[in-house]
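Asks: One structure, as structure tokens, below. Some questions next.
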């Protein structure tokens with residue numbers, strides 16, 4: 661199951677991404693965390709990198725070449741764009757499988773398997789968009805065959821910036837982290853309005869709640885979309901200052917209310933079956949949008965032909 665954490669910058673989405681990933685790992689569930697934020701802090705939030713791995717965004721051409729496999733509709737990695745959907749012959753991935761991509765790009769942080777998109781380097785400054793790096797995450801999720809009880813948790817870019825690509829459609833549920841302030845809920849309204857157009861499942865997680873007034877404010881502003889909330893946490897503050905033990909088992913010391921909130925998040929993920937048809941339909945739709953907007957002109961090819969009408973997504977597509 662694919663889970664995204666979004667929200668205003670400073671809302672605590674990276675902290676929540678890390679806490680939820682550690683919560684899943686603590687239960688023994690297979691989980692992969694992905695840092696898809698331009699500010700790469702997820703490894704630190706998880707408890708520090710034990711085994712760093714090469715960033716996805718720095719190896720996009722090789723990732724494309726690997727994923728296209730022997731799909732006859734994709735003659736070269738140069739003809740593959742971030743939205744290119746898999747088809748017959750594409751190389752599909754199982755979560756944390758022993759394939760070349762996972763072996764190369766999965767490290768560990770705080771006891772949790774971690775992929776990172778990567779930061780801007782000097783050659784990117786002033787000439788590149790961060791979404792060019794996020795294309796690696798979009799392709800990864802597009803070629804991933806995961807199921808119930810398997811979790812991929814992505815810390816996304818701040819604000820409504822996620823809508824600048826089709827990546828926001830690649831998840832089973834999106835948790836929007838909101839502080840109990842007007843600024844905190846403003847991103848919620850943007851996200852809600854855009855997500856409704858595509859049937860994206862969004863649930864609000866209140867954060868840094870200090871009392872009944874804060875909770876009442878969130879309920880008034882987001883209504884039934886408020887799934888749960890976390891209270892101000894001395895444990896989280898200590899963790900962010902490096903004063904707690906790393907690893908999933910350290911969550912035993914997290915405040916009971918906040919531990920329960922993480923349980924509610926997992927129940928929300930597990931209670932909603934995947935709509936595989938929607939995921940694939942959106943993948944094709946956003947590919948064709950990009951094809952018509954810029955990709956055909958840039959590549960000089962008919963990239964709409966990359967859509968395989970006979971491809972059946974999901975476990976049935978695995979060799």
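Numbering (my numbering), first residue to last: 661 to 979. Glycine residues also receive a C-beta, built at the ideal position from the N, C-alpha and C atoms.
#1: Taking contact to mean at least 3 C-beta pairs separated by less than 8 Å, is the stretch 857-877 in contact with the stretch 950-960?
#2: I'd like to confirm the pairing. Which residues does DSSP put opposite residue 815 in its beta bridges?
#3: Could you give the residue range of the alpha helix (DSSP H) that holds residue 872?
#4: Excluding five sequence neighbours on each side, which residues of the same chain lie with their C-beta closer than 7 Å to the C-beta of residue 795?
#5: Using DSSP bridges, identify the partner residues of residue 740.
#6: Apart from the five residues just before and just after residue 711, which ones in its own chain have a Cβ nearer than 7 Å to its Cβ?
#7: Taking the CB atoms as reference points, tell me whether residue 678 and residue 706 lie closer together than 8 Å.
#8: Less than 8 Å separating the beta-carbons of residue 820 and residue 851?
#9: With a Cβ-Cβ cutoff of 8 Å, do residue 703 and residue 776 count as a contact?
#10: State the beta-bridge partners of residue 709 as determined by DSSP.
#11: Counting only the same chain and skipping the five closest in sequence on each side, list residues whose C-beta sits under 7 Å from that of residue 905.
#12: Can you tell me where the alpha helix (DSSP H) with residue 887 in it begins and where it stops?
#13: Kindly indicate the opening and closing residues of the alpha helix (DSSP H) around residue 929.
#14: With distances taken from CA atoms, which of 830, 874, 843 is nearest residue 855?
#15: Which whole-angstrom value is the C-beta distance of residue 838 and residue 866, which I expect to be below 8 Å?
#16: Can you tell me whether DSSP reads residue 789 as helix, strand or coil?
#17: If you measure between the beta carbons of residue 907 and residue 770, is that distance less than 8 Å?
#18: Would residue 943 and residue 802 qualify as a contact pair, given that the criterion is a beta-carbon distance under 8 Å?
#19: Helix, strand or coil for residue 972 per DSSP?
#20: Is the stretch 681-700 close to the stretch 747-756, with three or more CB pairs under 8 Å?
Replies: In brief:
#1: No, the stretch 857-877 is not in contact with the stretch 950-960.
#2: Beta-bridge pairing links residue 815 to 665, 695.
#3: For residue 872, the enclosing alpha helix (DSSP H) begins and ends at 872-882.
#4: Contacts found: 720, 742.
#5: In the DSSP output, where bridge partners are listed per residue, residue 740 has none listed.
#6: Apart from the 5 residues on each side of it in sequence, residue 711 sits with its Cβ closer than 7 Å to the Cβ of 767, 768 in its chain, given in chain order.
#7: In this structure, residue 678 lies near residue 706, with their beta-carbon atoms less than 8 Å apart.
#8: Yes, they are a contact pair.
#9: The Cβ atoms of residue 703 and residue 776 lie closer than 8 Å to each other.
#10: Beta-bridge pairing links residue 709 to 769.
#11: In its chain, beyond the 5 residues on either side, no residue has a beta carbon closer than 7 Å to the beta carbon of residue 905.
#12: First-last for residue 887: 886-891, but that is the beta strand (DSSP E), not the alpha helix (DSSP H).
#13: Note, residue 929: alpha helix (DSSP H), 916-930.
#14: Checking every option, the nearest Cα to that of residue 855 belongs to 830.
#15: About 6 Å separates the CB atoms of residue 838 and residue 866; that is less than 8 Å, so the two are in contact.
#16: With a pLDDT of 49 at residue 789, under the threshold of 50, the predicted position of this residue should be treated as unreliable, though the coordinate-derived value follows. In the three-state reduction of the DSSP assignment, residue 789 falls in the coil class, being assigned neither a helical nor a strand state.
#17: Residue 770 is positioned such that its CB atom lies closer than 8 Å to that of residue 907.
#18: Yes; because the gap between Cβ atoms is below 8 Å, this pair is in contact.
#19: In the three-state DSSP reduction, residue 972 falls in the coil class, being neither helix nor strand.
#20: Touching, yes.
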